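One structure is given below, encoded as structure tokens.
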Amino acid sequence: MQLVNTINDLRQIVKQWKIDGLEIGFVPTMGYLHEGHQSLIKRAVSENDRVVVSIFVNPMQFGPNEDLDSYPRDLDCDIDICKQESVDLIFHPQVSEMYFNDFSTLVDMSGLTDVLCGKSRPNHFRGVCTVVNKLFNIVDADRAYFGQKDAQQLAIIKRMVRDLNIDIEIIGCPIVREEDGLAKSSRNTYLNEKERQAALILNRSLMIGQKLLSDGERNAEKIINAISENINREPLAKIDYVDVVDSLSLKKANNISSSCLVAVAVFIGKTRLIDNFIFEI
Ligand code: AMP
Numbered sequence: 203m204q205l206v207n208t209i210n211d212l213r214q215i216v217k218q219w220k221i222d223g224l225e226i227g228f229v230p231t232m233g234y235l236h237e238g239h240q241s242l243i244k245r246a247v248s249e250n251d252r253v254v255v256s257i258f259v260n261p262m263q264f265g266p267n268e269d270l271d272s273y274p275r276d277l278d279c280d281i282d283i284c285k286q287e288s289v290d291l292i293f294h295p296q297v298s299e300m301y302f303n304d305f306s307t308l309v310d311m312s313g314l315t316d317v318l319c320g321k322s323r324p325n326h327f328r329g330v331c332t333v334v335n336k337l338f339n340i341v342d343a344d345r346a347y348f349g350q351k352d353a354q355q356l357a358i359i360k361r362m363v364r365d366l367n368i369d370i371e372i373i374g375c376p377i378v379r380e381e382d383g384l385a386k387s388s389r390n391t392y393l394n395e396k397e398r399q400a401a402l403i404l405n406r407s408l409m410i411g412q413k414l415l416s417d418g419e420r421n422a423e424k425i426i427n428a429i430s431e432n433i434n435r436e437p438l439a440k441i442d443y444v445d446v447v448d449s450l451s452l453k454k455a456n457n458i459s460s461s462c463l464v465a466v467a468v469f470i471g472k473t474r475l476i477d478n479f480i481f482e483i
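Structure, rendered in structure tokens:
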């Protein structure tokens, strides 16, 4: 496995792979890899001749009061996991390699980015779209793998690729959870013991919504209320949002008539956690 820090080095390697007719899978991450990332990597390895994992904590997608500086990092451990999963190349650029001092081009999107997480993280998805676009241009992969855990991000990336005619297949992968149901996340490491227990409220409350939908409830407000009421029973939890939206357009669903995304963002103490499920009709 190769560890590459510069765009030029990466391009030379990819160029040779292309000459050799090899198909390339790409898994963009911010590192501190866990089984969620690993599931994406496993799928990429199984479907491609070569796999690139990028590890880059992208400053552009963090707000001024967010956790850019404290975001967990452990490159040695990430390298071990990637080796174990037979990754061919880790791309680990410095911020200065990715952004010139006078960097001035942004990839922005309206509509899908203004709802759900976009409401409380105003420029977050602009940062995500910009860096993912850059990474797609740099890696030139055939397929890229994203987790359903970040459902809004996945919908936005699919839309961006469609709108900008980027020649890459986007593959969504299911949420990987801890045994007790908490969605795996690098940010779970911020939780103390009490908060870790309290964090179970996200998945448990979503399951109430899932049950209502399975039983035939189609009124989004009722589902939102049932989930919110349950989350509010947990003293350490503070709701950022609970919402039901169309799973492709992310437009608000009132009477649910097509496949919908039920998504929550909840502060547990100071840590903001997200979770969701898709209900297919
Ligand atoms: P991150 O390092 O948080 O930027 O995540 C990198 C990729 O891993 C994104 O596509 C995430 O959606 C995906 N991911 C993170 N956690 C999980 C999880 N628990 N299950 C599935 N995919 C995940």
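Going by the working numbering, the sequence shown opens with residue 203, and the numbers climb by one from there.
In this text, a Cβ means the ideal position worked out from N, Cα and C, and glycines have one as well.
Only a predicted model underlies this, so the values are computations on that prediction, with no experimental measurement involved.
The residues R323, in chain order, have a CB closer than 8 angstroms to that of E268 in the same chain once the five nearest residues on each side in sequence are set aside. Q296 sits in coil when the DSSP states are folded into three classes, being neither helix nor strand. Under the 10 Å beta carbon count, P295 is surrounded by 16 or more other beta carbons and is classified as buried. Sorting Q240, N427 and V297 by C-alpha distance to the C-alpha of D271 places V297 at the top. DSSP places F305 in no beta strand (DSSP E); its state is neither H nor E.
A straight line joining the alpha-carbon of I429 with that of D304 spans about 45 angstroms. By the Cβ test, the region 434 to 448 is in contact with the region 392 to 402, since at least three Cβ pairs between them sit closer than 8 angstroms. Placement of the Cβ of I243 at a distance of 6 angstroms or more from every heavy atom of the ligand AMP is found. Under DSSP, D445 shares a beta bridge with A465. When the alpha-carbon of D352 is set against those of Y234, K386 and L308, the nearest one is in K386. Our two residues, E287 and E237, have alpha carbons roughly 11 angstroms apart in a direct line.
DSSP, read as helix, strand or coil, puts S322 in helix.
D477 is bridged by DSSP to V466. Closest by C-alpha distance to R328, out of N339, A346 and I359, is I359. When N250, L463, M232 and T231 are compared, the shortest CA-CA separation from D290 is found for N250. Boundaries of the alpha helix (DSSP H) harbouring R406: L402 to S416, taken from the DSSP string. Within its own chain, the residues whose Cβ lies closer than 7 angstroms to the Cβ of R474, once the five positions on either side in sequence are excluded, are D442 and A467, listed in chain order. Proximity of the beta carbon of I377 to the ligand AMP is indicated: a heavy atom of the ligand is located closer than 6 angstroms. In the displayed model, K454 falls within a strand according to three-state DSSP.
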